[in-house]
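Going by the numbering used here, the sequence shown opens with residue 184, and the numbers climb by one from there.
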Amino acid sequence: MSLHIQENTNNKVDNQDGIVNTSEEIFPPFIVKQLSPPILSLLSEYSHVFSKNKYDVGKIRIEPTRINLTSDLPVSQRAYRTSATEEVEINKQTVPPTDRPFEYLSIDTVGGFNNYNSTKKYLHLVIDHATRYVWAFPSKSETTETYANCLKQVFQIQVPTKLLSDRNGAFTSSKFKRFLRNYNVKHLLTSSHHPQTNGKCERVNQSIVTKVKCKVNSSPTKTPWAKLLEQVINEYNLTPYSVTKFPPAYLLFGTLPYSPPLTQNQFYPPVEEARKLTKQSTIKYHDKNKIKYDALFIDSPFKAGDIVMYEEFNYPNRRKLSPVFSGPYEIVKKLSDVNYEITKPNALTKKPTEIVHASKLRTFYPPEELKLSHE
């Protein structure tokens with residue numbers, strides 16, 4: 184079986200996700216097993232035409248410089264996505280525990296570092312979910328280009344399978360989507376104004392900032408905070424984690440920069456075994472916390488069509504007399520047990536709806552239902 188490559192002149196730019204779409208297709212739409220062998224051979228011969236690692240799907244659309252694939256597989260089984268319409272499926276996914284480094288990475292930013300003997304105002308942190316290893320990047324800005332440059336340094340070690348971030352405009356831009364698509368990285372987004380979705384990164388933010396604060400306030404000289412950060416990150420990655428009992432550096436690289444005592448052959452078990460033990464400890468700790476959380480949890484009673492109020496995020500610079508809730512809004516769709524799409528315009532993406540967490544919603548009661556009766 185052979186595949187015919189032809190020049191396409193019917194390309195259209197999709198402004199939503201920043202890729203080029205075309206109506207030209209190869210027919211018939213062969214199944215995966217039929218397509219894989221010929222594409223594998225063509226990848227090596229026509230590397231300038233085909234995008235690598237995108238041959239596990241059903242249909243192929245030809246473009247002048249790449250293949251755009253339309254998949255029949257569930258989103259959870261793909262290493263990428265090709266359409267903005269799949270964002271609903273993305274939001275249904277969870278981030279399960281893993282023992283494989285670089286399967287999940289999270290990225291987040293902490294601000295407020297200006298005027299500490301440095302021109303850097305932001306701290307960008309990347310954490311590997313399996314090992315808790317942290318990369319830190321002090322920066323003057325929080326633009327798409329800044330995040331891309333930070334991630335490029337991490338990707339030099341290994342390219343991850345998935346990246347979790349919040350819905351900052353720099354992360355939802357078409358330029359950032361193209362950047363991740365070039366590396367074949369699936370992008371996961373948190374619920375709007377619900378940082379608990381990115382809990383690992385948020386928690387390590389607190390630990391790193393607290394340690395940097397101690398270093399800055401105890402330093403006898405005016406050392407820039409960005410310089411002290413290097414020591415803090417090194418100490419963090421070489422310190423056994425309270426839950427896993429292993430240093431993140433050992434779980435990621437399998438080695439430590441220091442030797443065990445003479446009476447010991449090694450500090451820890453082989454790295455593969457240590458990673459499995461880490462996953463078990465993580466699940467055990469998660470289940471323990473889940474019992475406490477479930478004891479106070481109230482299931483969300485909302486469904487499509489309900490009218491709700493939205494609890495606004497309490498930004499540090501928010502005006503003190505601003506209303507706590509906005510709305511009312513209508514629930515367009517229930518995406519998962521905790522995620523809903525409501526008719527709240529998104530200022531960043533310019534979309535008429537926004538995906539929010541159930542904890543931010545309250546049932547709306549019309550004013551006439553709240554009037555006191557004197558009868």
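Even glycine gets a Cβ: it sits at the ideal position worked out from N, Cα and C.
All values derive from a computational prediction rather than experimental measurement.
Using a Cβ distance threshold of 8 Å, Ser322 and His307 count as a contacting pair. Apart from sequence neighbours up to five positions away, the residues of its chain that approach Thr344 with a beta-carbon distance below 6 Å are Glu286, ordered along the chain. Beta-bridge analysis with DSSP links Asp470 to no other residue. Inclusion of Thr461 and Thr427 in the CB contact set at 8 Å is warranted, their separation being smaller than that value. In the structure shown, the three-state DSSP call for Ser289 is strand.
Assignment of Gly382 by DSSP, reduced to helix, strand and coil, places it in the helix class.
If you draw a straight line from the Cα of Cys333 to the Cα of Asp349, it is about 16 Å long. Beta bridge pairing from DSSP links Lys345 with Tyr287, Lys369.
Sixteen is the threshold: when 16 or more other Cβ atoms of the shown chains lie within 10 Å of the Cβ of Val368, as they do, the residue is buried. Pairwise C-beta distances place the segment 291-301 out of contact with the segment 354-371, as fewer than three of them are shorter than 8 Å. Leu412 is not a Cβ neighbour of Tyr316, given a cutoff of 8 Å. If you ignore the 5 residues before and after Ile310, its C-beta comes within less than 6 Å of the C-beta of Ser289, Val317, Lys383, Cys384, Val387, all in its own chain and listed in chain order. Assigned with DSSP and collapsed to three states, Tyr476 falls in helix. C-alpha of Lys410 to C-alpha of Leu346: approximately 27 Å in a straight line. Contact annotation: Ala432 and Phe485 have beta-carbon atoms that are not nearer than 8 Å. One thing to note: Ala487 has its Cβ within 8 Å of the Cβ of Val515. The alpha-carbon separation between Asp520 and Pro511 amounts to approximately 21 Å.
Within 10 angstroms of the beta-carbon of Pro430 lie 16 or more other beta-carbons, which makes it buried.
Between Ser483 and Tyr419, the alpha-carbon positions lie close to 38 Å from each other. In this structure, the straight-line span from the alpha carbon of Thr404 to that of Gln414 is close to 15 Å.
The Cβ-Cβ distance between Phe362 and Ala319 does not fall below 8 Å. In the three-state reduction of the DSSP assignment, Lys410 falls in the helix class, which pools H, G and I. By the neighbour-count criterion, in which 16 or more other beta carbons inside 10 Å mark a residue as buried, Lys543 falls on the buried side.
When the Cα atoms are used, Phe508 and Tyr493 turn out to be separated by approximately 5 Å. Taking 8 Å as the upper bound for CB-CB distance, Asp282 and Arg458 are in contact here, some 4 Å apart. Using a 10 angstroms sphere on the CB of Tyr548, the tally of other CB atoms stays under 16, which defines it as exposed.
If you ignore the 5 residues before and after Val399, its C-beta comes within less than 7 Å of the C-beta of Tyr299, Trp408, Leu411, all in its own chain and listed in chain order.
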